[in-house]
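A.B. asks:
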Amino acid sequence: MNNFSGHLPSSIGHWLPNLEVLYLWGNILEGIIPSSISNASMLTKIELDSNCFSGTIPNTLGNLWCLENLILENNFLARESSSLELSFLSPLTNCSLISIVLADNPLNGTLPTSIGNFSTSLEEFVASNCNIKGTIPMGIGNLSNLNILSLENNELVGPSPTTIRGMNNLQGEIPKSLIELTFLKYFNVSFNRLQGKIPFEGVIAQFSAQSFMGNQALCGPP
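Structure below.
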């Protein structure tokens, strides 16, 4: 951690075309994330968490085909005002992402249906405390290697996606197929508006009540 402050130069990506990692977490950087970052086409890791960045997440990040880790938590990033959908997620499906961490940003939007098109190498999707609304798209069940899924402290509602294996049933019962997701190591959907019975067996049996708390209509153990 350093104490860098100020803005990132708008042309930063043009200066560093061979840059592979960008670690600037834990500073006091502010302003927007420059879209020119996409010109640093060799980037595999971007870690800008715990700063004061604002504005939107550039759609041009989807041009970084080698990108594996995108860590943007604990900033002031929001969605495009023209749409309720978190549209920046769709271009990111072109990347080779293993980890996406967006927690603690006022994104205030809905998950796009394209979320199921992320690379099957995706292991971590963290978007807790982001004011995410609406339903979880059916396609998220395609992410077969997901082992960390954190969507707590949002406003998720709506009918259950029947294809989901790594998430809960948003209305009705949590599908028992969830217990087949043997790679799942972290699961937290607390403080949403979920309903139904928790299938407390298999992989689900390893999670405590903290993973489900704050959903008044959930029942059964833990």
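Under the numbering used here, the first residue of the sequence shown carries the number 61, and numbering increases by one thereafter.
Each residue gets a CB set at the ideal place from its N, CA and C atoms; glycine is no exception.
Near Ile58, which residues of its chain fall below 6 Å by C-beta distance, leaving aside the five closest residues on each side in sequence?
C.D. replies: With the chain represented from 61 up to 282, any question about residue 58 goes unanswered, as that position is not in the structure.
A.B. asks: Could you tell me the alpha carbon to alpha carbon distance between Asn248 and Gln270, rounded to whole angstroms?
C.D. replies: Using only the alpha carbons, I get a separation of about 8 Å.
A.B. asks: Going by beta carbon distance, what residues of the same chain come within less than 7 Å of Thr153, once the five residues before and after it are set aside?
C.D. replies: So the list reads Ser174, Asn177 and Phe178, once near-sequence residues are dropped.
A.B. asks: Can you give me the start and stop residues for the alpha helix (DSSP H) that Gly73 sits inside?
C.D. replies: Note, Gly73: alpha helix (DSSP H), Ile72 to Trp75.
A.B. asks: Evaluate Ala265 with the Cβ neighbour count: other Cβ atoms within 10 Å of its Cβ, from every protein chain shown; 16 or more gives buried, anything less gives exposed.
C.D. replies: Classification for Ala265: exposed.
A.B. asks: Grab me the residues of Thr184's own chain with a C-beta within less than 6 Å of its C-beta, minus the 5 sequence neighbours each way, in chain order.
C.D. replies: Contrary to the premise, residue 184 reads as Glu rather than Thr in this sequence. Only Ser159 and Ile208 meet the Cβ criterion.
A.B. asks: So is Pro77 buried or exposed if we call it buried at 16+ other beta carbons inside 10 Å?
C.D. replies: Under this definition Pro77 is an exposed residue.
A.B. asks: Considering Gly91, what are the terminal residues of the beta strand (DSSP E) in which it resides?
C.D. replies: Counting along the chain, the beta strand (DSSP E) containing Gly91 begins and ends at Ile88 to Gly91.
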